[in-house]
Amino acid sequence: MSQSQLQLVADWERQKEQKLSQDFQVAQHYALENKQKLSGLENYRLDYLRQAQVKAKQGVGSQTFSQHQQFIGKLDKACELQMQNLNQALVVAEQRKTQWLQQQRKRKAVELLLDKQALAKQKLEQKQEQMMLDELSIQKFIRG
Numbered sequence: 009m010s011q012s013q014l015q016l017v018a019d020w021e022r023q024k025e026q027k028l029s030q031d032f033q034v035a036q037h038y039a040l041e042n043k044q045k046l047s048g049l050e051n052y053r054l055d056y057l058r059q060a061q062v063k064a065k066q067g068v069g070s071q072t073f074s075q076h077q078q079f080i081g082k083l084d085k086a087c088e089l090q091m092q093n094l095n096q097a098l099v100v101a102e103q104r105k106t107q108w109l110q111q112q113r114k115r116k117a118v119e120l121l122l123d124k125q126a127l128a129k130q131k132l133e134q135k136q137e138q139m140m141l142d143e144l145s146i147q148k149f150i151r152g
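Take 9 as the starting number for the sequence shown in our numbering and just add one per residue.
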């Protein structure tokens, strides 16, 4: 593969890596948002439980107590669903990270190959230059 073709491949691999890096960052952000939502729900649930306990100590009717219990059940369910969302978001973020790191390794491998080709080309040019200098030295010696 020629240097220019390999450079095109390297550029393409770099673009893929950048896209996968962005995908990973988006997935991380989504996971963080889900974590914050869960935290907010859990805090709201705790506050609501405290308020319900205070009201229960003051004395509430059975219908009101039942309504509080139902709402707490709904909050529990919402927390469970949000926990599932968070777990799924964390799995996706980890998958995106793995994809990005794999692509990073591909890019580095192609760039290493490019560097090796450039070094080989440079050595060949130096060798040819040295051969020309040697030839000139021999010609000077022969002439005089």
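Cβ atoms here follow ideal geometry from the backbone N, Cα and C, with glycine treated the same way.
Report the three-state DSSP secondary structure of residue i (helix, strand or coil).
i: S47; result: helix
i: G81; result: helix
i: S12; result: helix
i: V68; result: coil
Work out the CA separation of residue j and residue i for me, nearest whole Å.
i: A101; j: L141; result: 59 Å
i: N42; j: A97; result: 8 Å
i: N93; j: E50; result: 14 Å
i: G69; j: S29; result: 56 Å
i: F32; j: S47; result: 22 Å
i: A86; j: Q107; result: 31 Å
i: S74; j: A64; result: 11 Å
i: N95; j: E88; result: 11 Å
i: V34; j: L132; result: 46 Å
i: L109; j: A126; result: 26 Å
i: L40; j: K135; result: 57 Å
i: R151; j: L144; result: 11 Å
i: D84; j: L120; result: 54 Å
i: V99; j: H76; result: 35 Å
i: K148; j: E137; result: 17 Å
i: I146; j: M139; result: 10 Å
i: V62; j: Q26; result: 54 Å
Can you list, in chain order, the residues of its chain whose CB lies under 6 Å from that of residue i, leaving out five sequence neighbours each side?
i: I24; result: Correcting the residue type first, residue 24 is Lys in the shown sequence and not Ile. Answer for K24: Q111, listed in chain order.
i: E21; result: K114, R115, V118
i: R104; result: D31, F32, A35
Take residue i and list the residues in its own chain whose beta-carbon comes closer than 8 Å to its own, dropping the five residues that flank it on each side.
i: I80; result: R53, Y56, L57, A60
i: L122; result: Q11, L14, Q15, A18
i: K129; result: Q11
Using 8 Å as the threshold, is the C-beta distance between residue i and residue j below it?
i: Q153; j: K124; result: Beyond the ends of the chain as shown, which are 9 and 152, falls residue 153; an answer cannot be given.
Can you name, in chain order, every residue of its own chain whose Cβ lies under 7 Å from the Cβ of residue i, other than the five neighbours on each side?
i: Q36; result: A101
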